[in-house]
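Take the sequence shown: its position 93, counted from the start at 1, is 92 in numbering that gives the first Met the number 0, and no numbers get skipped.
In this text, a Cβ means the ideal position worked out from N, Cα and C, and glycines have one as well.
Quick caveat: nothing in here was measured; it's all calculated off a predicted structure.
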Amino acid sequence: MSQLKNPGWEASAQGYARGLSQQEACIAAGYSPKSNSAPGRIFSDEGVKARVAELAKQHDSLRAANLEETILAMLDLAATCDRTTAAGAKEARAARLEAHRLSGVLATRREAQAWEPMPREMTEAEWDAKYGPDAPGSGR
């Protein structure tokens, strides 16, 4: 399913799929906080229900994805957006910048995992076995 034709409904569906309440999603989409009927009207529509289910599925797969998969997905998205409109080109640039930032995070994580873990502290019995009970620093 593609985006909803009504931009307010689309924004509400995206907010709801990200975990906002129906009321919060409508407010984030620009509806009045005083409008109690907007959430009921919007989220009772079958098209909106289907869109929310589709978006929720996408968000679940992104949450489950590891960092490498996320970077690849962002680069694929950027390649797709580049060919659409000026707004798409802007989003593509933002996706590429974020992918570049995440690749730096990934490199940092890999470097941190490559380091040797710090040795654990010796117990008193291990110290005595290695250096003797009367060694300096034994505390006796």
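Could you check how far apart the C-beta atoms of alanine 27 and leucine 19 are, in whole angstroms? I think they sit under 8 Å. One-based indexing of the sequence shown puts residue 27 at position 28. One-based indexing of the sequence shown puts residue 19 at position 20. Between alanine 27 and leucine 19 a beta carbon distance of about 6 Å is seen, short of the 8 Å cut, so the two are scored as contacting.
Around the C-beta of methionine 73, are 16 or more other C-beta atoms found within 10 angstroms, so that it is buried, or is it exposed? The residue labelled residue 73 in the question sits at position 74 within the sequence shown. Buried is the call here.
So for aspartate 133, helix, strand or coil by DSSP? Within the sequence shown, the letter at position 134 stands for residue 133. Coil, per DSSP.
Beta-carbon gap between proline 38 and glutamine 21 smaller than 8 Å: Translated into the one-based positions of the sequence shown, residue 38 becomes position 39. Translated into the one-based positions of the sequence shown, residue 21 becomes position 22. Yes.
Provide the residue span of the alpha helix (DSSP H) that contains tyrosine 15, from first to last. On the sequence shown, position 16 is the one that residue 15 refers to. Here the alpha helix (DSSP H) through tyrosine 15 covers 6 to 16.
Contacts around tyrosine 30, its chain only, beta-carbon distance under 7 Å, and the 5 residues preceding and following it disregarded: Position 31 of the sequence shown, counting from 1, holds the residue named residue 30. The answer, listed in chain order, is Gly7, Ala37.
Among the candidates Thr107, Glu110, Leu71, whose CA atom is the shortest distance from the CA of alanine 98? Indexing the sequence shown from 1 puts residue 98 at position 99. Residue Leu71 is the option with its Cα nearest to alanine 98.
Between which two residues does the alpha helix (DSSP H) carrying alanine 37 extend? The residue you call residue 37 lines up with position 38 of the sequence shown. Here the alpha helix (DSSP H) through alanine 37 covers 36 to 42.
Range covered by the alpha helix (DSSP H) that runs through alanine 24: Indexing the sequence shown from 1 puts residue 24 at position 25. First-last of the alpha helix (DSSP H) with alanine 24: 21 to 27.
Status (buried if at least 16 other CB within 10 Å, exposed otherwise) for glycine 14: As a position in the sequence shown, residue 14 is number 15, starting the count at 1. Looking at its Cβ environment, which holds 16 or more other Cβ atoms inside 10 Å, glycine 14 is buried.
Residues in its own chain within less than 7 Å of leucine 101 by CB, not counting five upstream and five downstream? The sequence position of residue 101 within the sequence shown is 102, counting from 1. Leaving aside the five residues that flank leucine 101 on each side, the residues in its chain whose CB is nearer than 7 Å to its CB run, in chain order, Leu66, Thr69, Ile70.
Spell out whether any CB of chain B is found under 8 Å from the CB atom of alanine 94. No chain B appears in the structure shown, which is made up of a single protein chain.
Quick check on the burial criterion: 16 or more other C-beta atoms within 10 angstroms. Buried or exposed for arginine 50? As a working note, residue 50 is residue 51 in the sequence shown. Result: buried.
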